Structures are given as C-alpha cells and as structure tokens.
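Asks: In this text, residue positions in the sequence shown follow full-length UniProt numbering: the first is 1, and each later residue adds one.
Where is the CB? At the ideal position from N, CA and C, for every residue including glycine.
Just so it is clear, the structure is predicted and the values come from calculations on it, not from any experiment.
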Amino acid sequence: MRANILKRKLALRVKRKKRVRADISGTEQRPRISFFKSNRFLYAQAIDDISGVTLASVDGKKLGFNASKASATEVAKVFAETLKAKNLTKVVYDRNGYLYHGVVAAFADGLRANGIVL
Numbered sequence: 001m002r003a004n005i006l007k008r009k010l011a012l013r014v015k016r017k018k019r020v021r022a023d024i025s026g027t028e029q030r031p032r033i034s035f036f037k038s039n040r041f042l043y044a045q046a047i048d049d050i051s052g053v054t055l056a057s058v059d060g061k062k063l064g065f066n067a068s069k070a071s072a073t074e075v076a077k078v079f080a081e082t083l084k085a086k087n088l089t090k091v092v093y094d095r096n097g098y099l100y101h102g103v104v105a106a107f108a109d110g111l112r113a114n115g116i117v118l
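Right under this line is the structure:
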C-alpha cells in the first residue's frame, strides 16, 4: 500500500481509539480488556486504570496462535481461564480503535463463551 493510505488508516484508528477510551475506564473489580492485533499475532491485557496496573495478560505469539478468527477464540479461552483464576468475571472491552468485526468480534465472543461478562 502507498504510504499516505497507511498513514490515513492509522490516523483513523487512533481517532476511533481516543473516542472509545473517552467513555470507558477499568477498575479493580471490572478491569478494561485492551485488545491489540498486529498482522500476525493477537495480544490482550486486563488493566486497572485507577491504579495503573496490569492485572492479567495473554500473548498469542507465545501461545503459538496467529491473527485469525479461530485463533482469537482459542486465545480468548486461555485469557478467560487466567481471568477466572484471578476472580475477574466482569470486564469492560476496549477494542482499541479497531472495527468490531472479524478477529476483534471473535475474541469478544470467545470471552463471552467462556463465562466472562463484557
């Protein structure tokens, strides 16, 4: 892709990210799940924004999963187990400026399927 198209896509994602983050915040009882996807891997972390602490995280690269919808469901399953081990069942989902479809939606559905309330 041309450089100016990539810059515009990134600028639009950052704009959406700021708009979403203006409305949501995580607490210790209901942390914010920050989701990040690259072209190859998926990452997520549970963040308590009040104290600025990461409560739990998952790395799709270390687990050996790529950035597909099927892998997003598996990564969500592992992350849900981690959250349940820390007694966190209610969370706020931060899609990080990505459009809610494909891998982003599959990850959220995977969390819901494993007992996490978004």
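From I50 to K84, what does the alpha carbon distance come to, in whole angstroms?
Replies: Near 21 Å, if we compare the C-alpha coordinates of K84 and I50.
Asks: Spatial neighbours of K90 within its chain, please: C-beta separation below 6 Å, excluding the five flanking residues on both sides.
Replies: Result list for K90: R30, V117, in chain order.
Asks: Using DSSP with H/G/I as helix, E/B as strand and the rest coil, what is T27?
Replies: Coil.
Asks: If you follow the beta strand (DSSP E) that V92 is part of, which residue opens it and which one closes it?
Replies: Residues 92 to 94.
Asks: Could you pull the DSSP bridge partners for F36 from this structure?
Replies: Answer is Y43.
Asks: Which two residues bound the contiguous beta strand (DSSP E) that contains T54?
Replies: Its beta strand (DSSP E) spans residues 53 to 59.
Asks: Since L42 and A67 are thought to touch, with beta carbons under 8 Å apart, how far apart are those beta carbons, to the nearest angstrom?
Replies: Going by Cβ atoms, the distance from L42 to A67 rounds to 6 Å, so yes, they are a contact pair.
Asks: Below 8 Å CB to CB, which residues in the same chain sit around F107 once its five sequence neighbours on both sides are set aside?
Replies: Cβ neighbours of F107 beyond the five flanking positions: F35, L42, A44, A72, T73, V75, A76.
Asks: What residues are listed by DSSP as bridge partners for V117?
Replies: For V117, which the question treats as bridged, DSSP gives the partners K90.
Asks: Taking the alpha helix (DSSP H) that R21 belongs to, which residues open and close that run?
Replies: 3 to 21 is the extent of the alpha helix (DSSP H) around R21.
Asks: Apart from the five residues just before and just after Y93, which ones in its own chain have a Cβ nearer than 6 Å to its Cβ?
Replies: Closer than 6 Å at the Cβ level, and outside the excluded window around Y93, lie I33, A108, L118.
Asks: Starting from A72, follow the alpha helix (DSSP H) in both directions and report where the run begins and ends.
Replies: Counting along the chain, the alpha helix (DSSP H) containing A72 begins and ends at 69 to 85.
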